[in-house]
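**Q**
In our numbering, the protein residues as written are 16 to 96.
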């Protein structure tokens with residue numbers, strides 16, 4: 016089992032809505048242990064719009080938690096629409 020942290024920003028536009036404001040590229044980081052992945056996610060939560068912690072194993076992947084605009088959310092508390 017391994018863990019992956021996805022860090023990305025939501026695209027932004029100018030006030031008139033006609034131009035895209037550049038945002039830093041997203042990135043990922045792999046970790047063998049959950050504690051290291053959680054620490055990394057927490058350290059980067061204010062630098063990106065979204066930080067998502069994923070658990071990966073032979074059966075697929077599962078979101079464990081995320082930071083949305085710096086606010087922590089557990090996967091079971093996220094409402095999917």
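Note that CB positions come from ideal geometry on N, CA and C, so glycine has one too.
Please tell me whether residue 76 and residue 69 are closer than 8 Å, where the distance is taken between their beta carbons.
**A** Counting from one through the chain shown, the residue named residue 76 turns up at place 61. Counting from one through the chain shown, the residue named residue 69 turns up at place 54. Cβ distance < 8 Å, so residue 76 and residue 69 count as in contact.
**Q** Any chance the stretch 33-43 sits against the stretch 74-88, with 3 or more Cβ pairs inside 8 Å?
**A** no
**Q** Report the rounded CA-to-CA distance for residue 35 versus residue 22, giving the unit in angstroms.
**A** In the chain shown, counting from the first residue as 1, residue 35 sits at position 20. In the chain shown, counting from the first residue as 1, residue 22 sits at position 7. Near 20 Å, if we compare the C-alpha coordinates of residue 22 and residue 35.
**Q** Is the beta carbon of residue 20 less than 8 Å from the beta carbon of residue 52?
**A** Position 5 of the chain shown, counted from the first residue, corresponds to residue 20. Position 37 of the chain shown, counted from the first residue, corresponds to residue 52. Cβ atoms of residue 20 and residue 52: closer than 8 Å.
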